[in-house]
Every structure is written in C-alpha cells, then in structure tokens.
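Chain order of the listed sequences is A and B. In this text, residue positions in the first sequence follow the numbering used here: the first is 1065, and each later residue adds one. In this text, residue positions in the second sequence follow the numbering used here: the first is 32, and each later residue adds one. For every residue, glycine included, the Cβ atom is placed at its ideal position computed from N, Cα and C. Reviewing the structure listed below.
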Amino acid sequence: MDFIITLAIEFIIAVVATLAFAILYNVPREQWIFGGLTGAISWLVYRLASIKLSLVIATFLATLVVVFIARTFAVTRKTPVIIFLVCGIFPLVPGVGIYYTAYYFIMSDFALAGAKGTETLKLALAIALGIICILSLPQKLFLLFERKNKQ
Amino acid sequence: MNSLTTSQSNSDYGRKILDLVSMMGATLLANGAEIARVQTTMELVAKAYDKEQIEVYSLSNGIFATLRNDDKTSCTQIKNVPLASANLGRVAMINQLSREICEHKYDIDEALKKIRAIQNSPTIPLWLTLIAGALGSSGYCYLYGGDIFDFLATMPIGMLLCLCRHFMQSARFSKVMQNIIGSAIVTLGGLIMATIFIGLDMDMIVTGGLIILVPGVPFTTSIRDFFNGDYLSGTIRLIDALLVAFCMATGVGFIYQLFVH
C-alpha cells in the first residue's frame, strides 16, 4: 500500500516536472498536459520494471511503451511526434550517469568511472533501440486510433 | 513580348515558392525536426503550389533545393542552418502551416507572411522559464531519490541555471561554453547548498539541476535520422549530443577539481 502511494506521488511529480520541460522547449500550450502525461507514464513503467529487471531492460521497456504512446498522441492530436517523444524520453535519459562518470573520473576512481560510463552508454543504446523498434511499426496501425477518435 | 512576360512571371512565381519552401525547411531543421520530415514537407508544399519538379537534399545544418519551372528555367537555393537550440512550438506551427497549405487555404503571399510570423514567434517569457526550470529540475531531483529538502534546495539552482542560460544566449556565448558554465554553476550551487545546510544530498541536487542541460532533442533526432537512413545527419546530431554530454561532465569535473579534490 505504501508503495502505491509512493508511486502515485512520483507520478504526479513526474507529470509536473515533464510539463516544466515541455514549457522550456516552447511546446504549444494545448500539448503541455499530454507531454507531462507521456513523461509520467514513462517514469511509471520504468519504476515498475526496474523492481525485477536490470536498469537497461527497464529503460528499454519504458521506451517501447512511451514511444508507442507518443506516436498515438501525435496522430490523435495532429502534432509532430517529436514533441511527445522528447517529453517521454526525458525521465529515462541518463543525465545521472554523465554526472557520476565525471565525478569518479575527477576522483581518480577510474574503475568506477569506466563502469558508470559504460552503463550510461548502455542506457542510451537501450533508448535508441526502443525508439527504433516502435518507429518500425507501420503508420497504418496508428491511423486506426485516429478513426476511432472521430466516430 | 507577351510570352517573355509570362515566362518572367512564371520564374518569379517559382522563386517565391522556393523561398517559402526553403524557409519552412530551415525553420523545421533549426528546431530539431528530422531530415525526412524536412524533405517531405518541402516537397509537399511545392506540390500544393503545382511545382512538382523539386529536388531537395538536406543535412542537419544545411538545405540544398532546386525547383524547375514549366518554361524550363530553374532556380536553386542553398541555405545554411546553424545548429541551434530547439523550439518545438515552431515545429508544430510549421506542421500546421504545411497542412493548411496542402488544403489550399493560402496563396503564396499569405503563406510567406505566415512563415515570417512563425520565424519571429515569441519564445516563452523569462519568468515562466524560471518557474519551469525550478520545477523541472527539482521534480527530477525528487524522482532520482532526493527527499523533500533536496527538492526545495534544487529549486533556486534550476532557476539560477535558466537565468544564466538566458543571459549567455543573449550575449551569444558559444554552445560549448554555455554548457560548461551551466553545469559548473549547478555543481557549485549544489556544493554551496550542501555546505550551508548539513544533511542535504549534494549528488541529488546536482543531478536534478543538470537534467536541464541534457541533450534530449539532438539525441532523439539523431536516432530518427539513423533510422530513416540519413546516416550523415544522424552522425552530426549524435556528435552534437555527445559534445553537450562531455561539456556537462567537464563543468562538473572542473568544480570538483577546484573545491573538493
């Protein structure tokens, strides 16, 4: 139960934080809340998946889900997919990894610096692979959502 | 004589369309759209004005376009598009404009007016940037494992970073320096916060602040360019993203070397 409450709080914070990033990138006002939602969903999937799985796999799974949602939003809201894609990817991008790599490198702990650097690279590759997987799905699949929306 | 004037107006018309099309392409490209979108948008818009014979070649930082008129004259434009920070709102606006042009809503002069308006469209006001910077960085600080005090401590740092970035952008600092100075400011801010208020987790504060600098747009665009087979443009964007990451690391490292090591 405690865990659910924690997740709910994190979800709300993720919505707000991603929404803030949407504003920083000048995303149009009508899309703010959808950008925020995409980011929060990606964080939620990542958190749930990382309980059992490794960080890389969890990032990969979250990317799969979030790119799918981004493409759906792009079709239903008639907006370039990049807007939702960037919002959704932000919680997963390994900014922390860059920081720790630099930190250990300066502290002359080269083993840890190497480990963190490789992990950062792995996470970036996982995101790249996830994006590519969902981009390969045919556009027709997403047009189905659009028709459903109109009826 | 008569035929000369029609051919003149024909090529003038063609030139105007090429102007419009390459302006649209350049705006898309400068604000983070991928190559395939730039090229299809340019071709579709030219087609909507009955100019089917257009060739577009685009890289991450340049556009080459040639348009052939019916009277066998042709015009060419080369546009240099420096890598800039992304304004996703403009991508959305161009997308909307090209959709409306394809529905034949505007004639060429109206469309030219529209694209100029988009190029000069206002960015978000500074106060909103500061609030967004504070909320964004502190939100991610919390998500990455900070507690409520770290959350509060990150807010002024995110705000300070956005303020400094705003001034560095208007003073036309190079992108490399912007990122190094930005990440140094965040690290120094985190260090000061953690020294004044005992018990704060400095790592969390700094990572929360740094997330503002993370190159999310170039990274995703690079992947999509690679996916579409535009390897050269994908590489340019990837180098852009990597360079930002290196600059961030340099800024962090610089402060640690000075004050901690």
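Self-check item: Residues within the segment 44-56 of chain B neighbouring chain A, beta-carbon criterion of under 9 Å
Solution: none
Quiz prompt | Inter-residue spacing [alpha-carbon to alpha-carbon] between Glu1210 (chain A) and Gly220 (chain B) | solution = 47 Å
Quiz prompt | Below-8 Å beta-carbon distance, Glu1210 (chain A) vs any chain B residue | solution = no
Quiz prompt | Beta-bridge pairing of Ser89 (chain B) - partner residues as DSSP gives them | solution = B:Ile94
Practice problem: Could you please tell me which residues of the segment 57-72 of chain B, in chain order, have their CB closer than 8 Å to any CB of chain A? | Solution: Gly63, Ala64, Glu65 and Arg68
Quiz item: What residues in its chain sit with their C-beta under 8 Å from that of Gln1215 (chain A), if we drop five residues either side in the sequence?
Solution: Below a pLDDT of 50, predicted positions are generally treated as unreliable, and Gln1215 (chain A), at 45, falls in that range; the measurement from the model is reported next regardless. So the list is empty, once near-sequence residues are dropped.
Quiz prompt | As assigned by DSSP and simplified to three states, the class of Ile229 (chain B) | solution = coil
Quiz item: For Gly167 (chain B), which option in A:Ala1072, A:Gly1100 and A:Phe1067 has the closest C-alpha, if you only look at C-alpha atoms?
Solution: A:Gly1100
Exercise. Since I believe Ala1134 (chain A) is in contact with Leu1125 (chain A) (beta carbons under 8 Å), could you give me their beta-carbon distance rounded to a whole number of angstroms?
Key: Not confirmed; about 15 Å, so no contact.
Self-check item: N-terminal and C-terminal residue of the alpha helix (DSSP H) that Asn111 (chain B) is part of
Solution: Here Asn111 (chain B) belongs to no alpha helix (DSSP H); instead the beta strand (DSSP E) covers Ser105 to Asn111.
Exercise. Spell out whether any CB of chain B is found under 8 Å from the CB atom of Ile1146 (chain A).
Key: yes
Quiz item: By the 10 Å Cβ neighbour count, where 16 or more other Cβ atoms means buried, how is Asn151 (chain B) classified, buried or exposed?
Solution: exposed
Quiz item: Looking only at its own chain, which residues have a Cβ that is under 8 Å from the Cβ of Ile1191 (chain A), when we skip the five neighbours before and after it?
Solution: Thr1123, Phe1124, Thr1127, Ile1153, Leu1156 and Val1157
Self-check item: Cβ of Ile216 (chain B) within 8 Å of any chain A Cβ
Solution: no
Practice problem: Give the range of the alpha helix (DSSP H) segment to which Asn126 (chain B) is assigned. | Solution: Leu119 to Cys133
Quiz item: Looking only at C-alpha atoms, which of B:Arg99, B:Asp232 and B:Gly176 sits nearest to Ala77 (chain B)?
Solution: B:Arg99
Quiz item: Are there 16 or more other CB atoms within 10 angstroms of the CB of Arg147 (chain B), so buried, or fewer, so exposed?
Solution: exposed
Exercise. Determine, using beta carbons only, whether Val1120 (chain A) comes closer than 8 Å to chain B.
Key: no
Quiz item: Arg99 (chain B) bridges to which residues according to DSSP?
Solution: B:Ser105
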